[in-house]
Every structure is written in structure tokens, then in C-alpha cells.
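Going by our numbering, the sequence shown opens with residue 3, and the numbers climb by one from there.
Here is the structure we will look at, set down as C-alpha cells.
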Amino acid sequence: MQYQIVVVLVATAAIMGSYILGYTPPFVGITFGIVSLIAFYYYAKDKKAAVNGDWRVSENTLHILALCCGWPGALIAQTTLRHKTKKLGFRVVFWFTLLVNVSAFAWLHSSQGNAHLRNVSHDIRRFTLAQTQSTNIMLVTDFLTHYRPKRSYVY
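Right, dumping it as C-alpha cells:
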């Protein structure tokens, strides 16, 4: 198994574990998933354009997607599509975006970061309640911003 896939699997396990243990609400993992799918799409689009000699996707666009939680999809795309794997400058910036994401995710587990994330979750719920009368929208918002009770597995 290629190391890139292992990195993505470890990150996925960490994101899922963070939710299961009550440190993050579902919207954190869902954000990673959705932006990763978008990043993969843009890598595939750029690869196709490179092969066909068409207009390319800007490297800045690919980096911004990676920085905005899309790095797992970008890393899978690089591996499976064999795209953007040779250019050292691109790879250095990409791995920097991954490091920023991992650092930010780790910060969310600090007392300060977790308090900030809980405030953001509360603000999203409050904003949604003020803007809509739809029960379905409120139910979805509550699901996305709800924390599981923290579990202690120390015996």
C-alpha cells in the first residue's frame, strides 16, 4: 500500500475518532469529505486538460482546496491519477498545506481550540434559528453541530 493512502486512512480514523470521542461535531468530518471530493474533481479536471492540451486548473486553486480541508482528496488524486507528483515546488507547498491542516485539527483538541469550535457551532445554530422556520433545516443544523458526549475509556 502506498504511503499516501496510509496517511489519508490515518487522518480519516483521527477525524472519525475525534467525533466518536466527543471532541468535534459532524460538520468537521463532513467538511473534510466534501472539500476532498471537490479537490479530487479539480485534480482530475487538470489531469484531463494536461493530456488534451486544454486550459489548466491553476495551481493556486489546487493549493487553496488542499488548505481548506481538501488535502485528503488531493493526496488520493495525486496518487491514483499520477498527477502533480514530480514538480518539487508544488509538492512542498502541498505538504505545507497538509501540515497547516493537521496543526489546526490538533488545535481544535486543545482547550482554547475546542472552546472556539463550540462557540462556532453555537453561533451556527443560533444564526440558523434566526433565519429559518423550517423544522427540517433546524434538525440538519442540530445534527451537524451536535457534539457526542465525551467518553472516558480509562479503566
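We put the beta carbon where it would ideally sit given N, CA and C, even for glycine.
Within 8 Å, do at least three Cβ pairs link the region 18–30 to the region 53–68?
no
In whole angstroms, what is the alpha-carbon distance linking Leu-11 and Ala-52?
Approximately 29 Å between the Cα atoms of the pair.
Under the assumption that Tyr-45 contacts Gln-80 (Cβ atoms under 8 Å), give the Cβ distance between them as a whole number of angstroms.
Sure, about 7 Å apart at Cβ, within 8 Å.
Assign Tyr-44 to one of three DSSP states: helix, strand, or coil.
Looking at Tyr-44 - three-state DSSP - the assignment turns out to be helix.
Quick one: what does DSSP say Leu-101 is sitting in, helix, strand or coil?
DSSP places Leu-101 in helix when its eight states are reduced to three.
Look at the alpha carbon of Cys-71 and the alpha carbon of Gln-135, and state the distance between them as a whole number of angstroms.
In a straight line, the C-alpha of Cys-71 is about 31 Å away from that of Gln-135.
Check this for me: beta carbons of Phe-41 and Gly-19, under 8 Å apart or not?
The sequence given here has Ala at residue 41, not Phe. Between Ala-41 and Gly-19, the C-beta gap is not smaller than 8 Å, which leaves the two residues out of contact.
Express the C-alpha separation of Val-95 and Val-23 in angstroms, rounding to a whole number.
Here residue 23 turns out to be Leu, not Val, going by the sequence shown. If I take the Cα positions, the gap works out to 32 Å.
Taking 8 Å as the threshold, find out whether the region 145–152 comes into contact with the region 121–132 through three or more Cβ pairs.
The count of Cβ pairs closer than 8 Å, one atom from the region 145–152 and one from the region 121–132, reaches three, so the stretches are in contact.
Let's see if you can read the secondary structure: which residues bound the alpha helix (DSSP H) around Arg-128?
113–133
According to DSSP, is Arg-58 helix, strand or coil?
coil
Shortest alpha-carbon distance to Leu-160 belongs to which of Val-9, Asn-116, Tyr-43?
With the chain covering 3 to 157 only, the question about residue 160 has no answer from this structure.
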